[in-house]
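Numbering (this note's numbering), first residue to last: 5 to 647.
What follows is one structure encoded as structure tokens, with my remarks underneath.
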């Protein structure tokens, strides 16, 4: 048997003994490495050569001319960001391998097929090669998980945390994993802001809750879940269902005493949660809906918020704007504002799958068809009510941020909008252009409710004048009453946005910049190279290299043995789900009850409206691995090649 000393997220190791007895892989836990808390330095920004030629400027010019049209930080073709962000390209360990042009993906592609239809001249390629080979990877010392535990221990010694009541609901969130992986300082800050925004976006509290920084590097934070208005049991249930990096019950650190103390004091084995995971996952449909208890129908949500759409239409307590070009809808869209019972805003959109017949908003502006019970006056002759296919609800949370809900035309909750009706340009690759509830909505409305002038009143007036349509006098009056002038609509939008802007300001989030939540999703779900896995599994690098050669690890991630290769987050987490096959590992890792919620293109294609297939279970991971191994074996035996 090969005895492996593992430190998978919550197990630490500094040395490894290997012996053979033919029984398979076994896990042994030993003492942790020493505390390292110095964050290190950022990479140098200058890269001129000895002759005084500024290679930075030359390389920047070449990249802008040849790559920036598709990779400018906004377009992000292929899920790759800006070529102007050299630090991020180096931290990827793929796009630029500092000091080695031939192993750098950006150089490899420029030599062959990038930009499309153009061959970069040899002189420019020489500059790029010289520039990359002169770059150096930033020096940053590892912040160990033990360091996080020492900080927690010190925090729990505070007088105000000595009672059980004071500690109830207390949880710690860490960013040491992406930090150790070399994620840029800018992107670590993105994680901080995204974590704070998501945390407050699943809050029922009337005020913004700021995570309390524990360390000077701002990598560890404390939050009391009760401050969010969340029940601790509800929060714990969601974490236990989906969080993949929780400590097992028999986890041993420094003799096994600390974990037992922490678990007893905080009432859970999952007292330390990765903030990068939370920022990227808690705003995805299933956990997001459970955190906010939104229900399975829009009608359930409406009841919770004190909204009666039909009654409000009857009493004319709504305002509307309809338009042709919303920026996300393929066809017409209409938005409608209501008051929640607490006076805060509630907006609902009506979206359509075509332009004809009962889905033509401009010839039938007085829908929805479900609300004919006295709310809409239907006269004799042709009906004037529309039938919509679905829509989005945006409503204020008590703290001023927005909550989001996607639904079908009859109000059933959906996880994503059908792309033939609504699409998100520039979405993460995993979303396949779909609008995903929670995270996509936060991105689209990062700068608040989007202002649109009403087209319905103007166009219906023109069609009435040209005798294209006819409405009764009551219907004309109602159209004029519901579809208000831009000034009236903008006034309400400004009032609602002001609450939202105030909340963002408290979180130190600039609404003019890209939404940190969608950016955190991209960073967390980036492709991972071999070195990244060592940090994901909390393994010292030399030890990881030894363990990686074991049969179990080779079976899961053997492809990473080749320089320059990578795996997706989905592939990595599928592997983590199977590591429990190593004898003894189940003693250390507390597996999610449902499985980890990871978005992949594969799960996005399985259903047009739902994303419950995105949960990775051990059984699914084993099936996927066996299929991959079978395909690889078949390709090898046939001598086939892949493009």
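C-beta: ideal position from N, C-alpha, C; glycine also.
If you're wondering where the values come from, they're calculated on a predicted model, not measured in any experiment.
Neighbour-count burial assignment, residue i, 16 or more Cβ in a 10 Å radius
i, result
"residue 420", "buried"
"residue 265", "exposed"
"residue 469", "exposed"
"residue 430", "exposed"
"residue 1", "Since the displayed the chain opens at 5 and closes at 647, residue 1 lies outside it and no answer follows."
"residue 490", "exposed"
"residue 148", "buried"
"residue 730", "Here the chain covers residues 5 to 647 and nothing more, so residue 730 does not appear."
"residue 472", "exposed"
"residue 514", "exposed"
"residue 488", "buried"
"residue 278", "buried"
"residue 116", "exposed"
"residue 61", "exposed"
"residue 290", "buried"
Which of helix, strand or coil DSSP assigns to residue i
i, result
"residue 333", "strand"
"residue 274", "coil"
"residue 28", "Residue placement at residue 28 is flagged as unreliable, the pLDDT there being 37, under the threshold of 50; the coordinate-derived value follows with that caveat. Three-state DSSP puts residue 28 in coil, outside helix and strand."
"residue 609", "helix"
"residue 265", "helix"
"residue 108", "coil"
"residue 355", "strand"
"residue 228", "strand"
"residue 595", "coil"
"residue 486", "helix"
"residue 239", "helix"
"residue 340", "strand"
"residue 629", "helix"
"residue 327", "strand"
"residue 250", "strand"
"residue 521", "helix"
"residue 155", "helix"
"residue 287", "coil"
"residue 217", "strand"
"residue 620", "strand"
"residue 160", "coil"
"residue 349", "strand"
"residue 532", "strand"
Candidates the options, of which the one nearest residue i by Cα
i, options, result
"residue 333", "391, 362 and 395", "395"
"residue 208", "265, 151 and 298", "298"
"residue 102", "112, 490, 138 and 583", "138"
"residue 494", "452, 509 and 480", "452"
"residue 348", "637, 62, 354 and 497", "497"
"residue 157", "269, 428 and 401", "269"
"residue 119", "74, 159, 469 and 140", "74"
"residue 219", "616, 176, 306 and 535", "176"
"residue 109", "136, 122, 125 and 126", "136"
"residue 196", "309, 206, 174 and 221", "221"
"residue 155", "170, 144, 180 and 604", "180"
"residue 240", "233, 229 and 329", "229"
"residue 215", "511, 66, 575 and 556", "511"
"residue 234", "172, 358, 129 and 106", "172"
"residue 316", "486, 161 and 217", "486"
"residue 454", "406, 477 and 482", "406"
"residue 231", "597, 403 and 557", "403"
"residue 568", "112, 71 and 92", "112"
"residue 482", "436, 322 and 616", "322"
"residue 449", "183, 516, 314 and 142", "516"
Within 8 Å, strictly: CB atoms of residue i and residue j
i, j, result
"residue 324", "residue 415", "no"
"residue 190", "residue 152", "no"
"residue 350", "residue 341", "yes"
"residue 631", "residue 599", "no"
"residue 242", "residue 320", "no"
"residue 524", "residue 198", "yes"
"residue 174", "residue 226", "yes"
"residue 561", "residue 551", "no"
"residue 484", "residue 461", "yes"
"residue 273", "residue 594", "yes"
"residue 213", "residue 203", "yes"
"residue 475", "residue 388", "yes"
"residue 422", "residue 613", "yes"
Could you give the uninterrupted runs of the beta strand (DSSP E) lying entirely in the region 293 to 320, keeping only those of 3 residues or more?
Qualifying beta strand (DSSP E) stretches: none in this window.
Enumerate, from N- to C-terminal direction, the unbroken alpha helix (DSSP H) stretches of 4 or more residues contained entirely within the region 372 to 451.
The alpha helix (DSSP H) runs lying completely inside the region 372 to 451 and spanning 4 residues or more are 443 to 448, given in chain order.
Which complete alpha helix (DSSP H) runs does the region 163 to 193 hold, if anything under 4 residues is left out?
Correct list: 168 to 171 and 180 to 184.
Segments of 4+ residues assigned as alpha helix (DSSP H) that fall wholly inside the region 539 to 579:
With a minimum length of 4 residues, the continuous alpha helix (DSSP H) runs that stay inside the region 539 to 579 are 545 to 552 and 555 to 561.
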